[in-house]
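S.K.:
Residue numbers (the working numbering): 852 to 1284.
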């Protein structure tokens, strides 16, 4: 049955290879089960409910990828997108988490429609490549900053805004040790380095008093406190509508490039791209993250996207949806092990955040630093994200500076119609908000 459905022989793989690949993918991305609740709980959402929502949304999105697209890619609530949800929309803009969930739900619906009518590829091609590359780098810096802040490595300071934390505290020392341990594991190319590093750091935190042993109740935490909690009050004012449009566009924009970039990168690694340059079943793959995002918002979590850690499974030989099916099954199994994940302290999740930030720096090598009409907008994009504690503001500054610099430098032909429209909308944002 598996051979017939997934065409294993045709893809030069076996059940054993696919299962091992699926386990490897899960090991490399299972940190999201601890990190996502840790980040989103900053909004006031229940951490246990967030764990359940994270696991179920990851399982559903990955199942769609496995059974419909039949590709070896796994999905889960995206890093960076959850940071924008918590620290950008809720804490930074002062909006409720119900408002943010509504934006994610609308994003999922729009993505389903955009994928059905092939609009996503059109928009992607219209955005400057320098901005695309800088967004990944900026989110990486932002995520690393959040990790260091949560661990106490960086603290607030009235005179200098930020300052080095107490380097003698157990939490800071544990986080720094975790970064070193996990970094060594990554350098040695150990499978599941992020998860292993997180587990080791958590264990070391027990005698230090940083890690607290939970009550080992292996029942699945209820999601009733966060499921289907949407806020539609924003439709009653022009400011509310404009705020929703801004937030919604940011979710759309970041998720769009995250998913497409991952699909292209991992498919290239797996040598799955055809001679015509197309990814097999790409429309179904894009629909998987659209459905995952919509369902995830209904369950109570941030945007679901395709994970670049899928490359680990592909490196183990995964070539079909059976790899993704295995990963989805492990996410379902993880539902019953919530205490083990929720006991992980911020000092242990910080290394994963910092090192995922490092991984997201890769596109910086694609920036043309000699052309200042490209490098300055890219710089504004990546530097404004951590400095303003907002992914949205980084994108705003990037697009605005790109359009202005290109116009004043006589390179107006480089600007797309969509870029002009976005620049006007962002300029209006500064005027009216």
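All residues carry an ideal CB built from backbone N, CA and C; glycine is no exception.
Are the Cβ atoms of residue 1206 and residue 1033 separated by less than 8 Å?
M.R.: On the chain shown, residue 1206 is found 355 positions in, with the first residue counted as 1. On the chain shown, residue 1033 is found 182 positions in, with the first residue counted as 1. In contact: residue 1206 and residue 1033 (Cβ atoms closer than 8 Å).
S.K.: Round the Cβ separation of residue 886 and residue 1148 to the nearest angstrom and send it over; I've been treating them as touching at under 8 Å.
M.R.: As a first step, residue 886 must be located in the chain shown, where it is residue number 35. As a first step, residue 1148 must be located in the chain shown, where it is residue number 297. The Cβ separation is near 19 Å, so there is no contact.
S.K.: Are the beta-carbon atoms belonging to residue 1059 and residue 1203 less than 8 Å from one another?
M.R.: Start at 1 with the first residue of the chain shown, and residue 1059 comes out as number 208. Start at 1 with the first residue of the chain shown, and residue 1203 comes out as number 352. Not closer than 8 Å, so no.
S.K.: The alpha helix (DSSP H) with residue 1285 in it runs from where to where?
M.R.: Because the chain here runs from 852 to 1284, residue 1285 falls outside it and cannot be looked at.
S.K.: Rounded to whole angstroms, what is the Cα-Cα separation between residue 878 and residue 1088?
M.R.: Sequence index remark: in the chain shown, residue 878 carries index 27 (1-based). Sequence index remark: in the chain shown, residue 1088 carries index 237 (1-based). Using only the alpha carbons, I get a separation of about 46 Å.
S.K.: In the DSSP assignment, the beta strand (DSSP E) including residue 1007 goes from what residue to what residue?
M.R.: Start at 1 with the first residue of the chain shown, and residue 1007 comes out as number 156. Run containing residue 1007: 1005-1008, per the beta strand (DSSP E) assignment.
S.K.: Just mark residue 948 as buried or exposed, buried being the case when its beta carbon has 16 or more other beta carbons within 10 Å.
M.R.: The count along the chain shown starts at 1 and reaches residue 948 at position 97. Counting other Cβ atoms within 10 Å of its Cβ, residue 948 reaches 16 or more and is therefore classed as buried.
S.K.: In whole angstroms, what separates the C-alpha of residue 909 from that of residue 986?
M.R.: Within the chain shown, the letter at position 58 stands for residue 909. Within the chain shown, the letter at position 135 stands for residue 986. Rounded to whole angstroms, residue 909 to residue 986 spans 24 Å at the Cα level.
S.K.: Spell out the partners DSSP gives residue 926 in its beta bridges.
M.R.: If you number the chain shown from 1, residue 926 lands on position 75. DSSP lists 1157 as partners of residue 926.
S.K.: Three-state secondary structure (DSSP) at residue 1064?
M.R.: One-based indexing of the chain shown puts residue 1064 at position 213. Residue 1064: coil per DSSP, three-state reduction.
S.K.: Under 8 Å between the Cβ atoms of residue 1175 and residue 925?
M.R.: Counting from one through the chain shown, the residue named residue 1175 turns up at place 324. Counting from one through the chain shown, the residue named residue 925 turns up at place 74. A contact, by the Cβ cut-off of 8 Å.
S.K.: Quick one: what's residue 1099 bridged to in DSSP?
M.R.: To locate residue 1099, count along the chain shown from 1; it is residue 248. Paired residue(s): none; residue 1099 is not in a bridge.
S.K.: Mind checking residue 1110: buried by the 16 CB within 10 Å criterion, or exposed?
M.R.: As a working note, residue 1110 is residue 259 in the chain shown. When all chains shown are included, residue 1110 counts as buried.
S.K.: How many whole angstroms separate the CB atoms of residue 1113 and residue 1157, which I take to be in contact at a CB cut-off of 8 Å?
M.R.: Counting from 1 along the chain shown, the entry for residue 1113 is found at position 262. Counting from 1 along the chain shown, the entry for residue 1157 is found at position 306. Correct: roughly 5 Å between the Cβ atoms.
S.K.: DSSP three-state call for residue 1086: helix, strand or coil?
M.R.: Looking up residue 1086 in the chain shown gives position 235. Three-state result, residue 1086: helix.
S.K.: Just to confirm, is the Cβ distance from residue 1231 to residue 1249 under 8 Å?
M.R.: Along the chain shown, read from residue 1 onward, the residue named residue 1231 stands at position 380. Along the chain shown, read from residue 1 onward, the residue named residue 1249 stands at position 398. Yes, these two residues count as a Cβ contact at 8 Å.
S.K.: Looking only at its own chain, which residues have a Cβ that is under 8 Å from the Cβ of residue 946, when we skip the five neighbours before and after it?
M.R.: Along the chain shown, one-based indexing puts residue 946 at 95. Shown here for residue 946: same chain residues with a beta carbon closer than 8 Å to its own, the five before and five after excluded, namely 940, 1094 and 1098 in chain order.
S.K.: List the endpoints of the continuous beta strand (DSSP E) containing residue 1013.
M.R.: Residue numbering aside, residue 1013 sits at position 162 when the chain shown is read from its first letter. First-last of the beta strand (DSSP E) with residue 1013: 1012-1015.
S.K.: By how many angstroms is the C-alpha of residue 860 removed from the C-alpha of residue 1077?
M.R.: To locate residue 1077, count along the chain shown from 1; it is residue 226. To locate residue 860, count along the chain shown from 1; it is residue 9. Whole-angstrom Cα-Cα distance: 44 Å.
S.K.: Mind checking whether residue 984 and residue 1215 have CB atoms under 8 Å apart?
M.R.: Counted from its first residue, the chain shown places residue 984 at position 133. Counted from its first residue, the chain shown places residue 1215 at position 364. The answer is yes: Cβ separation under 8 Å.
S.K.: Note down the Cα distance separating residue 1195 from residue 1057, rounded to an integer number of angstroms.
M.R.: For the purposes of this step, residue 1195 is taken as residue 344 along the chain shown, with counting starting at 1. For the purposes of this step, residue 1057 is taken as residue 206 along the chain shown, with counting starting at 1. Near 10 Å, if we compare the C-alpha coordinates of residue 1057 and residue 1195.
S.K.: Please confirm whether residue 1228 and residue 1256 have their CB atoms less than 8 Å apart.
M.R.: Position 377 of the chain shown holds residue 1228. Position 405 of the chain shown holds residue 1256. Result yes, Cβ atoms of residue 1228 and residue 1256 sit closer than 8 Å.
S.K.: Would you tell me roughly how many angstroms separate the C-alpha atoms of residue 1245 and residue 993, rounded to the nearest one?
M.R.: Position 394 of the chain shown, counting from 1, holds the residue named residue 1245. Position 142 of the chain shown, counting from 1, holds the residue named residue 993. Distance between the alpha carbons of residue 1245 and residue 993 is about 10 Å.
S.K.: In this structure, does DSSP put residue 892 in helix, strand or coil?
M.R.: Here residue 892 is taken as the residue at index 41 of the chain shown, counted from 1. Of the three classes helix, strand and coil, the one that applies to residue 892 here is helix, per DSSP.
S.K.: Could you give the distance in angstroms between the alpha-carbon of residue 1138 and the alpha-carbon of residue 1198?
M.R.: Against the chain shown, residue 1138 aligns to sequence position 287. Against the chain shown, residue 1198 aligns to sequence position 347. When rounded, the distance between both Cα atoms is 36 Å.
S.K.: Rounded C-beta distance between residue 1314 and residue 1141? I'm assuming under 8 Å.
M.R.: With the chain covering only 852 through 1284, there is no way to say anything about residue 1314.
S.K.: Can you name the start and end residues of the alpha helix (DSSP H) that residue 984 belongs to?
M.R.: To locate residue 984, count along the chain shown from 1; it is residue 133. Taken as a continuous stretch (DSSP letters only), the alpha helix (DSSP H) holding residue 984 covers 980-1002.
S.K.: Does residue 1040 come out as helix, strand or coil in the three-state DSSP assignment?
M.R.: As a first step, residue 1040 must be located in the chain shown, where it is residue number 189. The answer is coil: DSSP assigns residue 1040 none of H, G, I, E or B.
S.K.: Have a look at residue 988 and residue 1209 and give me their C-alpha separation to the nearest angstrom.
M.R.: As a first step, residue 988 is located in the chain shown; it is residue number 137 there, counting from the start. As a first step, residue 1209 is located in the chain shown; it is residue number 358 there, counting from the start. Approximately 9 Å, taken between the alpha carbons.
S.K.: Considering Cα atoms alone, identify which of 1271, 1191 and 1182 is closest to residue 913.
M.R.: As a first step, residue 913 must be located in the chain shown, where it is residue number 62. Comparing Cα positions, the closest option is 1182.
S.K.: Start and end of the alpha helix (DSSP H) containing residue 948?
M.R.: Here residue 948 corresponds to residue number 97 of the chain shown, with the count starting at 1. Taken as a continuous stretch (DSSP letters only), the alpha helix (DSSP H) holding residue 948 covers 948-967.
S.K.: Counting only the same chain and skipping the five closest in sequence on each side, list residues whose C-beta sits under 6 Å from that of residue 875.
M.R.: Position 24 of the chain shown, counting from 1, holds the residue named residue 875. Once the five neighbours on either side are set aside, the close Cβ partners of residue 875 are 1042, 1163, 1164 and 1167.
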